[in-house]
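Peer 1: Each residue of the sequence shown is one higher than the last, beginning at 2 in the working numbering. Below you'll find the structure I mean.
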Amino acid sequence: EFNQEQQELENYTSNYINMLPLMNTSTEIITIPVVVHILYNDNLENISDDQIQSQLDSLNKDFRAQNADISSIPSVFEPLVADIGIEFCLANKDPNGNISTGINRVYTENTSFSYNNNSMKFSSQGGVDIWDSKRYLNIWVCNISGNILGFAQFPGGPANTDGVVVDYKYFGSIGTATYPYDLGRTLTHEVGHWLNLRHIWGDSYCGDDEVDDTPTQQESNGGCPTFPLLSCNNGPNGDMFMNYMDYTDDACMHLFTRGQKNRMIAALNL
Ligand code: ARG
Ligand code: ZN
Ligand code: CA
2 EFNQEQQELE NYTSNYINML PLMNTSTEII TIPVVVHILY NDNLENISDD
52 QIQSQLDSLN KDFRAQNADI SSIPSVFEPL VADIGIEFCL ANKDPNGNIS
102 TGINRVYTEN TSFSYNNNSM KFSSQGGVDI WDSKRYLNIW VCNISGNILG
152 FAQFPGGPAN TDGVVVDYKY FGSIGTATYP YDLGRTLTHE VGHWLNLRHI
202 WGDSYCGDDE VDDTPTQQES NGGCPTFPLL SCNNGPNGDM FMNYMDYTDD
252 ACMHLFTRGQ KNRMIAALNL
């Protein structure tokens with residue numbers, strides 16, 4: 002079912018991109034209500050409102066191409082930078098219509114949650130149940146076991162596990178945020194997946210991310226490479242290692258491209 006949903010979205014996305022030159026696309030900003038579920042077993046994991054706000058701020062900057070480090074992008078890639086035109090706000094009502102801060106703090110007996118079984122998304126497993134995925138972007142913040150910064154569910158997956166998960170040590174840019182993943186880019190990356198973006202290297206050797214304006218690259222990059230970094234005959238400009246969908250350090254990622262924007266908007270439309 003998941004594969005079929007994804008195939009339908011791929012078909013829709015390529016049609017959408019083919020039709021774009023003929024379309025009168027809207028410049029209206031899309032605002033997505035967010036609920037941040039904070040699952041804590043100790044005080045450290047119960048991160049502050051200010052830390053959560055620091056994360057919302059950087060997410061919004063990144064999605065509107067208003068991040069200060071945009072000036073570090075090599076000039077050859079500058080024309081590809083996209084303002085995605087999506088903003089995120091903490092929800093002001095819960096699913097029952099009651100006033101809410103959009104922050105849902107829940108104590109858990111679990112000292113950590115494993116990656117891959119979605120236990121943080123179910124109250125019955127020590128987590129907290131999703132808020133209607135048609136109305137909210139659900140973000141679970143918890144202690145994830147292993148060295149996983151975060152993970153996301155792609156569009157077309159089960160409705161009760163939709164959303165993204167980020168470890169409390171890599172959320173926002175103050176408090177528990179830990180170098181070199183301390184500028185909120187894990188969430189930017191995960192929301193990219195949630196809106197159907199693949200890793201920039203296509204998860205295989207010189208793979209395909211289904212985006213035309215991101216150069217083909219051999220594999221993931223880590224740390225903070227120096228421009229230009231060549232692979233897969235992608236000279237002279239080389240890898241776009243400063244893209245949010247690579248694996249570089251937070252301080253070294255600065256953009257989504259126009260092609261990535263088209264995929265994200267197509268996913269939202271469908
Ligand atoms: N490994 C995670 C994923 O593939 C997140 C990587 C985030 N990178 C970062 N620099 N914050 O979804
Ligand atoms: Zn990823
Ligand atoms: Ca590409």
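We put the CB at the ideal spot given by N, CA and C, even for glycine.
Is it true that the segment 204-218 meets the segment 147-167, where meeting means three or more beta-carbon pairs spaced less than 8 angstroms apart?
Peer 2: no
Peer 1: Could you work out which residue in SER120, GLU220, TYR116, GLY158 is closest to GLU2 when comparing CA atoms only?
Peer 2: As a first step, residue 2 is located in the sequence shown; it is residue number 1 there, counting from the start. When each option's Cα is compared against that of GLU2, the closest is GLY158.
Peer 1: Under 8 angstroms from any heavy atom of ligand 1, does the C-beta of TYR1 make it?
Peer 2: Nothing about residue 1 can be read from this structure; the chain reaches only from 2 to 271.
Peer 1: DSSP on THR32, reduced to helix/strand/coil?
Peer 2: As a working mapping, residue 32 is identified with position 31 in the sequence shown. Correct three-state label for THR32: strand.
Peer 1: As a quick exercise: from ASP240, ASN44, ASN234, THR102, pick the residue whose alpha carbon is nearest that of ILE201.
Peer 2: By 1-based counting over the sequence shown, the position of residue 201 is 200. Per the C-alpha coordinates, the member of ASP240, ASN44, ASN234, THR102 positioned closest to ILE201 is ASP240.
Peer 1: By how many angstroms is the C-alpha of MET243 removed from the C-alpha of VAL36?
Peer 2: Numbered from its first residue, the sequence shown carries residue 36 at position 35. Numbered from its first residue, the sequence shown carries residue 243 at position 242. If you take the alpha carbons of VAL36 and MET243, they lie about 28 angstroms apart.
Peer 1: Run through DSSP, which three-state label would ASN97 get?
Peer 2: The sequence position of residue 97 within the sequence shown is 96, counting from 1. Three-state DSSP puts ASN97 in coil, outside helix and strand.
Peer 1: When you compare the segment 51-63 with the segment 168-176, are there three or more beta-carbon pairs, one atom per stretch, that lie closer than 8 angstroms?
Peer 2: yes
Peer 1: Does the Cβ-Cβ distance between LEU40 and THR109 come in under 9 angstroms?
Peer 2: As a working mapping, residue 40 is identified with position 39 in the sequence shown. As a working mapping, residue 109 is identified with position 108 in the sequence shown. Yes, Cβ-Cβ distance for LEU40 and THR109 is below 9 angstroms.
Peer 1: CA-CA distance, ILE266 and TYR17?
Peer 2: Here residue 266 corresponds to residue number 265 of the sequence shown, with the count starting at 1. Here residue 17 corresponds to residue number 16 of the sequence shown, with the count starting at 1. The straight-line gap from Cα to Cα measures roughly 9 angstroms.
Peer 1: Just to confirm, is the Cβ distance from THR215 to MET254 under 9 angstroms?
Peer 2: Taking the first residue of the sequence shown as position 1, residue 215 is located at position 214. Taking the first residue of the sequence shown as position 1, residue 254 is located at position 253. No. Outside cutoff.
Peer 1: Please classify ARG264: is it buried, with 16 or more other beta-carbons within 10 angstroms of its beta-carbon, or exposed?
Peer 2: As a position in the sequence shown, residue 264 is number 263, starting the count at 1. By the neighbour-count rule (16 or more Cβ atoms within 10 Å), ARG264 is buried.
Peer 1: Going along the chain, which residues of its own chain have a beta-carbon closer than 7 angstroms to the beta-carbon of ASN183, five neighbours each way excluded?
Peer 2: The residue labelled residue 183 in the question sits at position 182 within the sequence shown. It is worth fixing the name first, because residue 183 is Asp in this sequence and not Asn. If we look at ASP183 and ignore the five residues flanking it on each side, its Cβ neighbours are SER174, ASP251.
Peer 1: Which same chain residues end up closer than 6 angstroms to ILE149 when comparing Cβ atoms and leaving out the 5 residues on each side of it in sequence?
Peer 2: On the sequence shown, position 148 is the one that residue 149 refers to. Cβ neighbours of ILE149 beyond the five flanking positions: TYR116.
Peer 1: Which whole-angstrom value describes the C-beta separation of PRO1 and TYR137, a residue pair presumed to lie in contact below a C-beta threshold of 8 angstroms?
Peer 2: Residue numbering for the chain in the displayed model covers 2 to 271; residue 1 lies beyond these limits and cannot be assessed.
Peer 1: Is it the case that the CB of MET246 approaches a heavy atom of ligand 2 more closely than 8 angstroms?
Peer 2: Taking the first residue of the sequence shown as position 1, residue 246 is located at position 245. Yes; taking the cut-off as 8 angstroms, the Cβ of MET246 has a heavy atom of ligand 2 nearer than that.
Peer 1: Between which residues of its own chain and GLN8 is the CB-CB distance below 7 angstroms, once the five residues before and five after are set aside?
Peer 2: By one-based count along the sequence shown, residue 8 stands at place 7. Excluding sequence neighbours, GLN8 sits near nothing in its chain.
Peer 1: Any heavy atom of ligand 1 closer than 8 angstroms to the CB of LEU150?
Peer 2: Here residue 150 refers to the residue found at position 149 of the sequence shown. Yes, since a heavy atom of ligand 1 falls inside the 8 angstroms radius drawn around the Cβ of LEU150.
Peer 1: Tell me whether the beta-carbon of LEU188 lies closer than 9 angstroms to the beta-carbon of PHE78.
Peer 2: One-based indexing of the sequence shown puts residue 188 at position 187. One-based indexing of the sequence shown puts residue 78 at position 77. No. Outside cutoff.
Peer 1: Contact check, GLN10 vs ALA268 under 8 angstroms by CB: the rounded distance?
Peer 2: Residue numbering aside, residue 10 sits at position 9 when the sequence shown is read from its first letter. Residue numbering aside, residue 268 sits at position 267 when the sequence shown is read from its first letter. A small fix is needed here, since residue 10 is Leu in this sequence, not Gln. Between ALA268 and LEU10 the Cβ distance is about 6 angstroms, and since that is below 8 angstroms, they are a contact.
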